[in-house]
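A short write-up of the structure that comes next.
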Amino acid sequence: MSKNPIKQESSGTLSLDVLLRMKKHSISLAPAHISAFCTLLLLLLSCIFQYSASTHLHNHHFTNHLLRILAAMFVAFLVSKVSPKWFKNLSFLYYLIGVGLLILVHFKGLTIKGASRWLAIGPIRVEPSEFMKIACPLYMAHCLSYLKLPLHLSHFLFCANIILVPFFLIAKQPDLGTGIIVLSIGLLQIFISGLSYRSIASLLLIFIASIPLLWNLLHTYQQNRILTLLDPSSDPLGTGYHIMQSKIAIGSGGIWGKGLLGSTQVFYQFLPEFHTDFIFALISEESGLFGASLILFLLCTLCMSILVMALQAKSIFAKLMLSAIAFYFFICSCINTAMVCGIIPVVGVPLPFFSYGGSNLMVCGVALGIVWHLHRIEYD
Amino acid sequence: MIKLINTQKVIHQRIVISGLAIIGITFMIIWQYAGITINQNSYFLNLSNNNFKKSALITPPRGTIYDRNMNVLARGEYAHYLTLTKQNSIPFSLIQTSLSPHIKTDWEKLENEYNQALEGGEINLKDPLTQTEYTTLALNMWSLPNLRFNEALNRIYPFGPSAAHITGYTTTTDNKLIGKNGIELTFNEHLSGIPGWLKITKNAKGQVQAQSEIIPPITGMDIQLTIDANLQQAIYDIMSKYQGTAILVDTQTSEILAAVSLPSYDPNNPFESNETPRSFFNRLTHGLYPPASTVKPFIALEALEQKIIDRKTVIDDPGYYITPNSSQRYNDWLKHGHGKVDVHRAITFSCDTFFYQLAEKMGAYHLSHAMSQFGLGQKTLIELPSEKSGLVPSPSWKNMLGKKWYLGDTINIGIGQGATQVTPLQLAQAIVLLANHGQAKNIHLTKALKDQDNWHPRLVEEAAPISYSPENWTIIDHALLDVLQTGTGHRFKDNPHQIAGKTGTAQVVNIKNHSDDNLQSHDHSLFIGYAPSHKPEIAIVVILEHHPLAVSTANDIINIYFNEYRDPYVKKPH
Chain A
49 MSKNPIKQES SGTLSLDVLL RMKKHSISLA PAHISAFCTL LLLLLSCIFQ YSASTHLHNH
109 HFTNHLLRIL AAMFVAFLVS KVSPKWFKNL SFLYYLIGVG LLILVHFKGL TIKGASRWLA
169 IGPIRVEPSE FMKIACPLYM AHCLSYLKLP LHLSHFLFCA NIILVPFFLI AKQPDLGTGI
229 IVLSIGLLQI FISGLSYRSI ASLLLIFIAS IPLLWNLLHT YQQNRILTLL DPSSDPLGTG
289 YHIMQSKIAI GSGGIWGKGL LGSTQVFYQF LPEFHTDFIF ALISEESGLF GASLILFLLC
349 TLCMSILVMA LQAKSIFAKL MLSAIAFYFF ICSCINTAMV CGIIPVVGVP LPFFSYGGSN
409 LMVCGVALGI VWHLHRIEYD
Chain B
16 MIKLINTQKV IHQRIVISGL AIIGITFMII WQYAGITINQ NSYFLNLSNN NFKKSALITP
76 PRGTIYDRNM NVLARGEYAH YLTLTKQNSI PFSLIQTSLS PHIKTDWEKL ENEYNQALEG
136 GEINLKDPLT QTEYTTLALN MWSLPNLRFN EALNRIYPFG PSAAHITGYT TTTDNKLIGK
196 NGIELTFNEH LSGIPGWLKI TKNAKGQVQA QSEIIPPITG MDIQLTIDAN LQQAIYDIMS
256 KYQGTAILVD TQTSEILAAV SLPSYDPNNP FESNETPRSF FNRLTHGLYP PASTVKPFIA
316 LEALEQKIID RKTVIDDPGY YITPNSSQRY NDWLKHGHGK VDVHRAITFS CDTFFYQLAE
376 KMGAYHLSHA MSQFGLGQKT LIELPSEKSG LVPSPSWKNM LGKKWYLGDT INIGIGQGAT
436 QVTPLQLAQA IVLLANHGQA KNIHLTKALK DQDNWHPRLV EEAAPISYSP ENWTIIDHAL
496 LDVLQTGTGH RFKDNPHQIA GKTGTAQVVN IKNHSDDNLQ SHDHSLFIGY APSHKPEIAI
556 VVILEHHPLA VSTANDIINI YFNEYRDPYV KKPH
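Just so you know, the protein sequences line up as chains A and B, in that order.
Heads up: the first sequence begins at 49 in the working numbering, then just goes up one per residue.
Heads up: the second sequence begins at 16 in the working numbering, then just goes up one per residue.
Have a look at this one:
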């Protein structure tokens, strides 16, 4: 390693220069603090809005959410304290287990609402696709850190297989949302490992050319959702109804919102899935543009702080894994919020920290645990 | 080493690019939210409120129509209807098997409607449920989740067809009753009251969460009619064999005690029984009849008053009259004539020849004046819709049609034929004026209106008074009494109630559209009269279409009135 890498990288962008100077002035802990602060604030807001949603649901709803948050925080703490080899050396094992479970889901999965996504292990229902959100980037980062970087196109084919296998398994459940998340995190890791722009452009061309083929692979309901987005009036009471009611919730909230517990769209049961996938519509209605942009800002800040950690990390593995996690938080929030306000079709992607559900919070906990783990071992 | 540094540089560059992309996309999303929440706020706020805030009209109960003794002629009553909600998960066969033991309906039609309905759509079973159906279904409701009872206000007419032409009927539009005929139409606004507004909060499933009255409705007014519903029913029963009308009026107050028009219809369900369109024809206001000989007393009065004749004027009746100039021959109804005839005998025996000559002497002006004075050919302003005015012909009327007035026209009016057309109610008004010697009120149907808690009696206008000398009135009174003692109605001289009246026979050559040829061969018979003759209490008009027994029917009606209905009415004036 060079004695003074900063000097040699001064030809990089201005922001890069600034960020690295921050390290030099021994405020290296700052991104970790910021990430922790953002996380706590997001969890607090999550509790507030889940409380609002709980007034329209059964009694245990809010308690369940609190318990799950505590469990996720405990898991995050555990993960951040384990030995580094648990990640790097065992990542291939996790990946294999993940793929194995996904195949198992196809044969023995629980079918709920027409999708077989769950495995019943005793009283607990497990979603292997959620596990894959962490396992796949881990193995990917592990592989990439052993390859010659910047990534060459020939190595790309090997890496692409690592993400395409789980993607197709998940997309076939069908759960296109999670599939796209796993796929896009992998692609981002490939992008960061330095695949040349020329290769990226040619791959994009191939992708665009194969869109008609992929269209036929989609389920009819997925095709309908995309068509509805292009022309919402074609399906006023089907998929379009959800988007419309969600937009009504957001739009009627205005700048400051209708106040906590003031959502009429939820109270009169017009808003579907208001505590899970569509909780951001409830947040927008009750706290308005102010609340919505505050949450988006916090999520963005969290992603940025993790990316800064990635810049500061020493090993390639840590850089790739931290970027992947930052991107995970971003892509989930982005897909969810864009879906809720009708920019993209309805896909089942939860909002990190906010949507009700154990898997969502647990994945967030594990991801943050890894962030703080990597941060600890890279600087201690 | 350089390569490694180069690698790290590439990675750092890519991470920064990703970071910038993340910031950029986050701002784009915030921008999108700002667009929806700021620019389209009022639009979505409106949609959001419309989602759950609905307003509805509260229809107040329709006023009740009472008869003079406070018997109900028309009232509102809640009826139960069954509503099916379409649910794709519930097949129609299941509905049919669970409902068919309890109710009867057109299952095939219902099945079609059910299968074509959208999920969540509602289908009404048209007929109101009977009380038994409602009770048994209410006990078995649990078996189907998509069944619901609806309540709707129905109009009940306890006296059915007998008073249908007076009360009229109602139809239901938008859960609101609307008067379609008779008193229901004339007083529709009074009876229906003023609707109020209701604010309703509904959730996405359409369940009502809360409701509050914003504007309370104003209940419809009750109406008391002058009709005696039981008398009306009795007269309807007497007349049920015939087509025609009968009107009974209190001569003191000009209140119509009964007014029957046949054939009639059932106002409880006017369109579902086998009524022909002719059943809806209200003969009281729309039936135009030639008054025939019943106009003779009115013409005679005018002639006496104008001194064209006096009580001693006698003519010789050979059974016809030939006009001096045109030598046109006009036959009397009695082939060989009545012999020597004065005005008394002319009325008693309804001598046409006397009135042919009298008409020629009087001229068209005096003739039409005689009839118009008593309200013939003019609307009676009765409280029934679109009354016809009838016609008393005059030279100016015929000129207006571009035709010439002939002496024959004058002579024809003299016996109430020709183009003369009057409604039964006009005859009733005329006979009431005659019975009261020219001083009477307008005939009317309504006694009082109830506004909130107070009854407001109706103020009745006086009819335009007719001032003839008392002797002339007396001449006619005696003549009319003798009609039923010795004259054309002598068969009923034993009637204890001293009926005075005038018979008439109207030729119906003009009426051609009758399906029944037998009926067509008969003329209409008319009777107008009052009783008792020395101190009139009631006036009566009877017209039987294509049937000769008007006098006999009037006799029955007067008997039944004095024997059964007079006393309770005298004891219980409102």
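Just so it is clear, CB atoms sit at the ideal spot from N, CA and C, and this is done for glycine as well.
Buried or exposed for residue i, please, with buried defined as at least 16 other CB atoms from any protein chain shown within 10 angstroms of its CB.
i	result
B:Pro-231	exposed
B:Arg-83	buried
A:Arg-246	exposed
A:Lys-367	buried
B:Ile-250	buried
B:Glu-477	exposed
B:Glu-398	buried
B:Ile-242	buried
B:Gln-343	exposed
A:Ile-298	buried
B:Glu-317	buried
A:Phe-322	buried
A:Tyr-194	exposed
B:Tyr-93	exposed
A:Ser-232	buried
B:Ile-53	exposed
A:His-154	exposed
A:Phe-135	buried
B:Gly-235	buried
For the alpha helix (DSSP H) that contains residue i, what are its first and last residues?
i	result
A:Trp-420	406-427
B:Val-437	B:Val-437 -> no alpha helix (DSSP H), and no H or E assigned at all.
A:Lys-362	Looking at the DSSP string, A:Lys-362 is not in any alpha helix (DSSP H), and its letter there is neither H nor E.
B:Asn-130	122-131
B:Pro-410	410-415
B:Trp-420	Unbroken run through B:Trp-420: none, as it is neither H nor E.
B:Thr-182	179-182
B:Gln-258	No alpha helix (DSSP H) holds B:Gln-258; DSSP gives it neither H nor E.
B:Lys-217	No alpha helix (DSSP H) holds B:Lys-217; the beta strand (DSSP E) holding it covers 211-217.
Using a Cβ-Cβ cutoff of less than 6 Å, which residues in the same chain neighbour residue i once the five nearest sequence positions on both sides are dropped?
i	result
B:Ile-191	Reading the sequence as shown, one finds Lys at residue 191 of chain B and not Ile. Result list for B:Lys-191: Thr-74, in chain order.
B:Lys-214	Ser-70, Ser-227, Ile-229
A:Cys-351	Ala-374, Phe-377, Phe-378
A:Glu-426	Ala-361, Lys-362, Ala-366
B:Ala-179	Ser-279, Tyr-280, Pro-282
B:Ala-565	Ser-540, Leu-541, Phe-542, Val-557, Leu-559
B:Phe-577	His-512
A:Pro-198	Gly-242
B:Asp-571	Ile-253
A:Ile-291	Gly-390
B:Lys-413	Trp-420
So, at 7 Å on beta carbons, what are the nonlocal neighbours of residue i in its own chain, with the 5 sequence-adjacent residues on each side left out?
i	result
A:Leu-416	Thr-87, Ala-124
A:Gly-396	Asp-223, Gly-225, Asp-325
B:Gly-302	Thr-260, Thr-438, Pro-439
B:Arg-581	none
B:Asp-332	Asp-347, Gly-352, His-353, Gly-354, Val-356, Cys-366, Thr-368, Phe-369
For the beta strand (DSSP E) holding residue i, just list the boundary residues, first then last.
i	result
B:Gly-544	539-546
B:Ile-458	Element bounds for B:Ile-458: n/a, residue is neither H nor E.
B:Arg-344	344-346
A:Ala-163	163-169
B:Lys-355	354-356
B:Trp-470	469-472
Return the chain-ordered list of same chain residues with a C-beta closer than 8 Å to the C-beta of residue i, the five sequence neighbours on each side being excluded.
i	result
B:Ala-569	Ala-261, Ile-514, Gly-516, Phe-542, Gly-544, Ile-555, Val-557
B:Asn-203	Ile-193, Gly-194
Is there a Cβ from chain E that is less than 7 Å from the Cβ of residue i?
i	result
B:Gly-34	The structure shown contains no chain E; the protein chains it does contain are A and B.
If we count Cβ pairs, one from each stretch, closer than 8 Å, do we get three or more for the stretch 22-36 of chain B versus the stretch 116-131 of chain A? no
What alpha helix (DSSP H) runs, 4 residues minimum, are completely inside the stretch 189-234 of chain A? Whole alpha helix (DSSP H) segments, 4+ residues: 201-219.
Mind pulling the beta strand (DSSP E) runs of 3 or more residues that sit fully within the stretch 324-407 of chain B? 330-332, 335-337, 344-346, 354-356
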